[in-house]
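Novice: So the sequences go chain by chain: B and L. For the first sequence, our numbering assigns the number 3 to the initial residue and increments by one for each residue that follows. For the second sequence, our numbering assigns the number 3 to the initial residue and increments by one for each residue that follows. C-beta atoms are modelled at their ideal positions from N, C-alpha and C, and glycine is treated no differently. Please see the structure below; I have some questions.
Protein chains: 2
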Amino acid sequence: MFSPELKKGSMELLILSMLDQAERHGYEIGKLIETRSRGLLEFRISTLYSVLYRMEDNGWIRGRWVEKEGQRSRCYYRLTAAGRKVLKAQHENWREFVGIINELIGPSHA
Amino acid sequence: MFSPELKKGSMELLILSMLDQAERHGYEIGKLIETRSRGLLEFRISTLYSVLYRMEDNGWIRGRWVEKEGQRSRCYYRLTAAGRKVLKAQHENWREFVGIINELIGPSHA
DNA sequence: GTAGATATATCATCACGCGAAATATCACGT
DNA sequence: ACGTGATATTTCGCGTGATGATATATCTAC
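Spelled out as structure tokens, the structure:
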């Protein structure tokens, strides 16, 4: 749907936003992005996990393994204090970026 | 200023937009992006040229060498018919993409 | 005469999303 | 009992493309 390059850079912001609302596991985040965007935005599940691992290394999120009866083990991630700061910064960053690009490309002349 | 990943994917749209208004050469496009974004958005000049070459290979733009007295030779690029279509498509694509991301990340809670 | 802006070109490097494959459990239909 | 598909995580090689460094050349201004 969207150019692969366009999706890059929004991945972290997207994941951080998902985790701002609730503790979630990887697969859940993937499905959430897919359904909430009505199938228009779909990140590969492998990408999702690699970003999660990277963000955990960065100390933005922390995973917690949960084993429930009759369920495959899941790793639930939540934002750390640092992650919350990064989310805020990336959110503002995104808005400013979009503003500038929109300014530069002007209105579409359909 | 902005994450390098965020800039990826907006480069082509940006250049195509610049060339929609007038025939321009590479260095000029770079300066234009820099000044119009008040220095916030700055693409490497090397990146700019590599994107220009790629877009010319794709047939989206066409370069024309101009040699003026007392000036270094410049290559002026203009949009082709195909490039105009790509610009329109990428423009719509950008707007839709931004809409979806904004929907997913929600309003900032500053 | 040299420093800095203008202007283009090339190439190695690196980050990162992607595709593919492996592993494991549960639900459902037959 | 068996297969299929959804759920769930992991790993790794690949390809794309922005970046940084470097080279070259001309003009202006001090």
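1) Can you list, in chain order, the residues of its chain with a C-beta nearer than 6 angstroms to that of B/Gly28? Leave out the 5 residues immediately preceding and following it.
2) Quick check on the burial criterion: 16 or more other C-beta atoms within 10 angstroms. Buried or exposed for B/Gln92?
3) Along the chain, where does the alpha helix (DSSP H) that runs through L/Gly32 open and close?
4) Along chain L, which residues have their Cβ under 9 angstroms away from the Cβ of B/Ile31?
5) Is the beta carbon of B/Met20 closer than 8 angstroms to that of B/Leu34?
6) Determine the DSSP secondary structure at B/Arg76, reduced to helix, strand or coil.
7) Between B/Ser12 and L/Ile103, is the Cβ-Cβ spacing less than 8 angstroms?
8) Report the rounded CA-to-CA distance for B/Glu105 versus L/Leu16, giving the unit in angstroms.
Specialist: Looking at the atomic coordinates:
1) Leu50, Tyr51, Leu54
2) buried
3) 28-38
4) Residues of chain L passing the Cβ test: none, with the nearest at roughly 11 angstroms.
5) yes
6) strand
7) yes
8) 10 angstroms
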